[in-house]
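Residue numbers (my numbering), protein chains in the order written: chain A, 87 to 201; chain B, 87 to 201; chain C, 87 to 201.
Glycine residues also receive a C-beta, built at the ideal position from the N, C-alpha and C atoms.
Predicted model only: the values in this text are computed from it and were never measured.
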Amino acid sequence: MIQRYEVGPRMSELSVHNGVAYLAGQVAEDASQDVVGQTRQVLAAIDALLAQAGTDKTRILRAQIFLANIADFAGMNKGARTPRVVAGHTPPRATVQAALAKPEWKVEIVVTAAV
Amino acid sequence: MIQRYEVGPRMSELSVHNGVAYLAGQVAEDASQDVVGQTRQVLAAIDALLAQAGTDKTRILRAQIFLANIADFAGMNKGARTPRVVAGHTPPRATVQAALAKPEWKVEIVVTAAV
Amino acid sequence: MIQRYEVGPRMSELSVHNGVAYLAGQVAEDASQDVVGQTRQVLAAIDALLAQAGTDKTRILRAQIFLANIADFAGMNKGARTPRVVAGHTPPRATVQAALAKPEWKVEIVVTAAV
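Laid out in structure tokens, this is it:
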């Protein structure tokens with residue numbers, strides 16, 4: 087059984103199967119913010135999706151992070167500070183540079199989580 | 087138990103474990119086509135691999151899409167229109183720009199699916 | 087139940103859930119080496135993490151490979167030759183170019199494995 091959430095014509099935002107939640111890449115809604123603010127928005131969007139699946143950020147299995155400019159690495163980390171990540175429950179991460187679908191987006195995060 | 091398909095000396099095209107299929111990144115066989123055509127080829131290659139594992143595109147859990155040129159985003163979407171994606175079963179996606187292993191490749195898609 | 091290994095304030099190196107190990111992106115400790123040497127270091131780091139989870143490189147479900155320069159593709163393959171990958175157990179792969187968090191890093195590999 088697969089459950090999908092926020093199902094659109096091209097993509098959905100979240101699928102859940104066999105106790106694992108697969109999230110779509112999340113980006114900032116207000117892309118006028120800097121990378122710190124955009125990271126906070128992205129993490130809030132992830133929190134909201136995880137809540138829909140009945141789980142939360144203490145149960146993230148991995149985060150794939152794409153930065154439009156790898157020079158924003160420190161800013162992304164600043165945006166991802168506690169309490170936005172939870173001590174003792176920090177996930178495996180991989181962070182690389184990649185241009186994103188809209189030029190104003192500075193960070194996109196793809197999360198896999200346990201439900 | 088892990089089942090592997092199309093096992094070569096460096097990589098296989100598909101592994102299945104615990105009800106989940108992990109596909110290798112798929113690219114176009116005929117790389118002379120534009121991004122619309124290449125996307126269609128990639129989706130057909132994914133369909134064929136999913137069929138080997140006894141599953142299909144209604145059961146994709148996530149698609150990670152790499153475009154050699156993010157300006158091809160609309161063309162990739164055009165190539166991925168219904169019936170190539172199935173209404174009500176659209177997967178979570180993340181799309182970023184990344185140069186691919188051959189310069190003529192315009193799109194590579196990495197799929198995770200439920201079996 | 088989620089088990090995490092090498093848990094730091096921002097990230098952990100490995101999470102295990104429901105029989106699947108999710109590794110953080112691995113990079114070379116000695117970044118003065120070329121891509122062949124860095125790939126060998128990365129694969130050794132992956133081996134060590136998999137061992138912590140009680141599994142090994144014959145059980146890798148997928149490897150996402152990021153090269154800072156896609157021209158290093160052949161060198162990465164050279165670094166990943168047998169016995170560093172095991173005949174009959176080669177994993178699905180996807181390899182794309184992406185700038186990494188430190189300019190001296192040439193390759194980063196993100197592994198998912200069965201436990």
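Is there at least one Cβ from chain A nearer than 8 Å to Gly174/B's Cβ? Looking up residue 174/B in the second sequence gives position 88. Proximity of Gly174/B to chain A, defined by a Cβ-Cβ separation below 8 Å, is satisfied.
Per DSSP, what are the beta-bridge partners of Leu100/C in this structure? Numbered from its first residue, the third sequence carries residue 100/C at position 14. Checking the DSSP bridge columns, you'll see Leu100/C partnered with Tyr91/C and Leu109/C.
Answer with buried or exposed for Ser98/B, where buried requires no fewer than 16 other C-beta atoms within 10 angstroms of its C-beta. Position 12 of the second sequence, counted from the start, is the residue given in the question as residue 98/B. Around the CB of Ser98/B, 16 or more other CB atoms lie within 10 Å, so the residue is classed as buried.
Kindly indicate which residue of Val106/C, Ala130/C and Asn155/C has the alpha-carbon position closest to the one of Ala166/C. Walking along the third sequence from the start, residue 166/C turns up at place 80. When only C-alpha atoms are compared, the closest one is Ala130/C.
What is the DSSP secondary structure of Arg148/C, counted as helix, strand or coil? In the third sequence, the residue the question calls residue 148/C occupies position 62. Of the three classes helix, strand and coil, the one that applies to Arg148/C here is strand, per DSSP.
Proximity below 8 Å, CB of Lys143/A to CB of Asp133/A: As a position in the first sequence, residue 143/A is number 57, starting the count at 1. As a position in the first sequence, residue 133/A is number 47, starting the count at 1. The answer is yes: Cβ separation under 8 Å.
On the CB-based measure, 16 or more other CB atoms within 10 Å of its CB, does Gln124/B come out buried or exposed? Translated into positions along the second sequence, residue 124/B becomes position 38. That one is buried.
What does Val171/B reach in chain A if we use C-beta pairs closer than 7 Å? The residue you call residue 171/B lines up with position 85 of the second sequence. Arg96, listed in chain order.
With 8 Å as the limit, tell me which residues of the segment 98-127 of chain B have their beta carbon closer than that to any beta carbon of chain A; keep them in chain order. Of all residues in the segment 98-127 of chain B, Asn104, Gly105 and Val106 have a Cβ within less than 8 Å of some Cβ in chain A.
Beta-carbon proximity check, Pro177/B vs Ser101/A, cutoff 8 Å: In the second sequence, counting from the first residue as 1, residue 177/B sits at position 91. In the first sequence, counting from the first residue as 1, residue 101/A sits at position 15. In this structure, Ser101/A lies closer than 8 Å to Pro177/B by Cβ.
Within a Cβ cutoff of 8 Å, which residues of the same chain sit near Ile88/A, ignoring the five residues on either side of it in sequence? In the first sequence, the residue the question calls residue 88/A occupies position 2. Exclusion of the five residues before and after Ile88/A leaves Ser101, Val102 and His103 as the residues of its chain whose Cβ lies within less than 8 Å of its Cβ.
For the alpha helix (DSSP H) holding Ala160/A, just list the boundary residues, first then last. By one-based count along the first sequence, residue 160/A stands at place 74. Where Ala160/A is concerned, the enclosing alpha helix (DSSP H) stretches over Phe159 to Gly165.
Helix, strand or coil for Arg126/C per DSSP? The residue given as residue 126/C occupies position 40 in the third sequence. Three-state result, Arg126/C: helix.
Going by DSSP in three states, Ala131/C sits in which element: helix, strand or coil? For the purposes of this step, residue 131/C is taken as the residue at position 45 of the third sequence. Helix at Ala131/C.
Ala173/A versus Pro95/C - alpha carbon distance: Locating residue 173/A in the first sequence gives position 87, where the first residue counts as 1. Locating residue 95/C in the third sequence gives position 9, where the first residue counts as 1. Each residue's alpha carbon lies about 6 Å from the other.
I'd like to check one pair, Leu153/A with Thr181/A: are the Cβ atoms closer than 8 Å? Locating residue 181/A in the first sequence gives position 95, counting from the first residue. Locating residue 153/A in the first sequence gives position 67, counting from the first residue. The answer is yes: Cβ separation under 8 Å.
Where does the unbroken beta strand (DSSP E) through Val197/C begin, and where does it stop? If you number the third sequence from 1, residue 197/C lands on position 111. Annotation for Val197/C: the continuous beta strand (DSSP E) segment containing it runs Val193 to Ala200.
Only counting the same chain, and skipping five residues up and downstream in sequence, which positions put a Cβ closer than 8 Å to that of Thr141/B? What you label residue 141/B is simply residue 55 of the second sequence in a count that begins at 1. Result list for Thr141/B: Ala107, Ala199, Ala200 and Val201, in chain order.
Residue of Asn163/A, Ala139/A, Gly105/A and His175/A minimising C-alpha distance to Val128/A: Counting from one through the first sequence, the residue named residue 128/A turns up at place 42. Here the closest residue by C-alpha is Asn163/A.
With burial defined as no fewer than 16 other Cβ atoms inside 10 Å of the residue's Cβ, what is the status of Glu190/B: buried or exposed? By one-based count along the second sequence, residue 190/B stands at place 104. Counting C-beta atoms within 10 angstroms of its own C-beta, Glu190/B has fewer than 16 neighbours from the protein chains shown and is therefore classed as exposed.
Members of the segment 141-155 of chain C near chain A, C-beta cut-off 7 Å: Considering only beta carbons, the part of the segment 141-155 of chain C lying closer than 7 Å to chain A consists of Phe152, in chain order.
As assigned by DSSP and simplified to three states, the class of Ala137/A: As a first step, residue 137/A must be located in the first sequence, where it is residue number 51. Three-state result, Ala137/A: helix.
Look at the alpha carbon of Gly111/B and the alpha carbon of Asp116/A, and state the distance between them as a whole number of angstroms. To locate residue 111/B, count along the second sequence from 1; it is residue 25. To locate residue 116/A, count along the first sequence from 1; it is residue 30. Approximately 32 Å between the Cα atoms of the pair.
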